[in-house]
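In our numbering, the protein residues as written are 1 to 301.
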């Protein structure tokens, strides 16, 4: 039986559409494959500055000496003291027996952003998650830390705030020798007067051990200013504060080598417009091919 003209047209048309389909889809998939394979990249950076600040109280054994500070008499008021050289950071509420404790961390993200730029290209990535990685160095509930300046360990809630002002000095003070050469409780007001953003409230449960693993705290990315700060590749600062009257938490400072605070940032690819256009064109060609095939099938029936 001879092959009719309509059959030849159908065959040639099907072959043409098959060629068109593969001409667009295959290059698109080849182009996108390496991008999709590296869709998420994580970078971890160690803190490069930290300090705790505190108010002190009449029940706190640390006393300001007139030989260090120009006060008329010795005092339990620690609001002008720096503790940037301490081996631990602390969080406690204002109603705590030994006074309120807040802590600061600062990270330099230059290497993180450079890594993402190298992987994806400048402007071709966005941040999908950010976490702080902290390790408790005294985690037994109800126990008194070795240094009597700190409150008895207790679980509770705390908050983390992003500070746009990174111009605070770590200082060199410690509980045995407070100084005035860095950030203090009194200087927090000036740091918080600039742009800030709440990154979340968290629950701390003492792990029951002084050698517990790291805790991970996910940071909210709802603040555009915070995300922009992360993506600039400069410094980023965080303030930790008590969110209830129960918490008394300690975690390692940068002096504890191997157990320091870290920030963990994950980035994802943002395809360039030309990449998206190629993918859409391939999808359109594929859709047109199947529609034409369906149409021919119905006609033949």
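All residues carry an ideal CB built from backbone N, CA and C; glycine is no exception.
What first and last residue would you give for the alpha helix (DSSP H) that runs through residue i?
i           : result
residue 189 : 188-192
residue 62  : It is not in any alpha helix (DSSP H) - residue 62 carries neither H nor E in the DSSP assignment.
residue 119 : 110-120
residue 226 : 224-232
Beta strand (DSSP E) containing residue i: first to last residue?
i           : result
residue 268 : 262-269
residue 50  : 49-54
residue 236 : 235-242
residue 179 : First-last for residue 179: undefined, no H or E at that position.
residue 216 : 215-218
residue 126 : 125-134
residue 204 : 196-204
residue 46  : 40-46
residue 159 : 156-163
residue 252 : 248-252
residue 92  : 88-92
Less than 8 Å between C-beta atoms, sequence neighbours within five positions excluded: which residues of the same chain meet that for residue i?
i           : result
residue 212 : 135, 136 and 139
residue 252 : 87, 88, 89, 134, 135, 136, 137, 259, 260 and 261
residue 142 : 152, 153 and 154
residue 229 : 162, 164 and 236
residue 188 : 53, 102 and 239
residue 58  : 76
residue 255 : 85, 86 and 87
residue 183 : 51, 53, 82, 84, 104, 168, 169, 170, 171 and 191
residue 166 : 106, 234, 235, 236 and 237
Buried or exposed: where does residue i fall if 16 or more other Cβ atoms within 10 Å of its Cβ makes it buried?
i           : result
residue 170 : buried
residue 194 : exposed
residue 122 : exposed
residue 48  : exposed
residue 102 : buried
residue 237 : buried
residue 56  : buried
residue 62  : buried
residue 267 : buried
residue 148 : exposed
residue 112 : buried
residue 120 : buried
residue 60  : buried
residue 100 : buried
residue 109 : buried
residue 114 : exposed
residue 208 : exposed
residue 70  : Residue placement at residue 70 is poorly supported in this model, since its pLDDT is 49, which falls under 50; the coordinates still yield a value, given next. Exposed is the call here.
residue 270 : exposed
residue 161 : buried
residue 39  : exposed
residue 82  : buried
residue 190 : exposed
residue 73  : Low confidence applies to residue 73: its pLDDT is 48, below 50, so where it sits in the model is not reliable, and the reading given next is rough at best. When all chains shown are included, residue 73 counts as exposed.
residue 45  : buried
For the ligand MN, any of its heavy atoms closer than 7 Å to the Cβ of residue i?
i           : result
residue 234 : Ligands are entirely absent from the displayed structure, and the ligand MN is therefore not among its contents.
Could you pull out every residue in the same chain whose Cβ sits closer than 6 Å to the Cβ of residue i, ignoring the five residues on either side in sequence?
i           : result
residue 219 : 130 and 199
residue 79  : 55, 185 and 186
residue 216 : 131 and 133
residue 105 : 47, 50, 238 and 261
residue 43  : 112, 115 and 265
residue 233 : 109, 110 and 113
residue 41  : 119 and 267
residue 214 : 133 and 135
Could you pull out every residue in the same chain whose Cβ sits closer than 7 Å to the Cβ of residue i, ignoring the five residues on either side in sequence?
i           : result
residue 210 : 137, 138, 139 and 140
residue 158 : 91, 202, 204, 240, 241, 242, 243, 247 and 249
residue 206 : 139, 140, 141, 153 and 155
residue 227 : 127 and 221
residue 144 : 152
residue 175 : 62, 83, 86, 147 and 149
residue 196 : 161, 162, 163 and 164
TODO: Could you tell me whether the region 172-179 touches the region 206-223, using the rule of 3 or more Cβ pairs below 8 Å?
DONE: no
Open item on the list: Count Cβ pairs between the region 91-110 and the region 239-257 that sit closer than 8 Å; are there 3 or more?
Closed with: yes
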